[in-house]
Amino acid sequence: MTGTVLHFGDFRLDPLDRRLFRAGIKVELNARYLDALILLLEADGALVAKDRFMDVVWRGIPVTDEALTQAIRTLRRTLGDSATAPRYIQTVPKHGYRFVAPIETVTALVDQEAGGTEPMMKYSRLQFVRDAMSGAIGAMIAGTLIGLIYGFVGAAQPHPGSGGGGAVSLLLVMMVVSLVSAGVGGAGIAAGIAASRFIHPRRCSWTVVGGSLGGLITGAFANVIGSDAFRLLFGHSVRIAGASEGVILGAAIGLALCTASHWPRLVWGLSAMLGAGVGLCIALADGRMMAGSLQSLVVAFPSSQFGFNGIGGALGEDGLGPIGRTVTAAFEGAVFSVATLWGLLRPTFSLLRANQASEAT
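Read in order, the letters of the sequence shown correspond to residues 0 to 360 in numbering that gives the first Met the number 0.
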């Protein structure tokens, strides 16, 4: 089944179903204000006189100009717009208003399984690239934080003959390695989630499957390349994070993304719990996260100046033992999940900031 959806900026409006979405998240708007927005959009840049608003929105009910002013003010706040520098709604003094942003009319499928009214916009390649990059950025932030912490742990250990410069170099190397590793993993998971939107933009099951497949492919590729590289170049076989870890992490992030529209106030806590739970399961199944992978390298190369003696000592272990791997895996899973989710939801935060700026104006 098909319908017409109006697309402008990061918003889409289904006039027939009377619902407004921003980056896949439903935006609440009361009936009269939604009527006013539809009227502006259908005018397609033409001036909409005040009398026209009174006839269509208020249907001839006597109201003052203040009611219309309040409606426009609410619409601007909802869209993140400003009266002084309008991106969407422009005031024509003493006459009315016009919608000034480009409007794209899209023929979209309608999801009958969700009650016959859910608009499914065609997902573009540009949106795919944007979402994959946003997820990667969030993951790189997580990688930088994790690398910074582990780098400080390693740098705090004594390094005979290296001086202070060796500790600084170790810190920088750890940050770069962690940033790149997390960025690649996050990009793969985000790309999988984004690719699922070509099939169905908002179906939770596809989001989880997409995240899992993205993590599977990226993890398997990284594991094969990493393991083979060390075996061929140095004659050592090391255990690093791979396909199984990628599948579970991708599914957790996809599931966390699904909760964003249902429980927005709980999304960060749920995401952290999912990520920590996944990290815990990976460690208990003898899998590897970042710290576990690094520990495998330390074991394979005993002359390495890096180690987790600080963490192991605090937990009563020599180096990174089973308890240390479990704790660090849960920590990494929580940070990676929250940061990657933040990247995927960046457009929503842009809307909130714009709304706050509009309210201040």
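We treat Cβ as the ideally placed atom computed from N, Cα and C, and that holds for glycine.
- Going by DSSP, Lys49 is part of no beta strand (DSSP E) but of the alpha helix (DSSP H) stretching over Lys49 to Val55.
- Secondary structure at Tyr96: strand, using DSSP grouped into helix, strand and coil.
- Closest in C-alpha terms to Glu331, from the list Leu170, Asp9, Ile148 and Ser133, comes Ile148.
- Exclusion of the five residues before and after Ala328 leaves Gly278, Ile281, Ala282 and Met288 as the residues of its chain whose Cβ lies within less than 6 Å of its Cβ.
- Arg17 is positioned such that its CB atom lies closer than 8 Å to that of Leu33.
- Approximately 10 Å separates the beta-carbon atoms of Leu256 and Leu273; this is outside 8 Å, ruling out the contact.
- Distance from the CA of Gly245 to the CA of Asp285, rounded to the nearest whole angstrom, comes to 14 Å.
- Beta-bridge annotation (DSSP): Asp317 is not paired with any residue.
- The beta carbons of Ala290 and Ala333 sit no closer together than 8 Å.
- Straight-line spacing of the CA atoms in Val26 and Ala138 works out to 27 Å.
- By DSSP's assignment, Glu103 forms a beta bridge with His6.
- Of the candidates Leu265, Ile188 and His261, Ile188 places its Cα closest to the Cα of Ser243.
- Annotation for Ile140: Ala338, Trp341 and Gly342 place their beta carbon closer than 8 Å to its own, counting only its chain and skipping 5 residues before and after.
- In the structure shown, Phe20 adopts extended strand secondary structure according to DSSP, grouped into three states.
- In this structure, Leu38 lies away from Leu5, with their beta-carbon atoms at least 8 Å apart.
- Put simply, the backbone Cα of Gly150 is about 20 Å away from that of Arg238.
- According to DSSP, Gln89 shares a beta bridge with Arg97.
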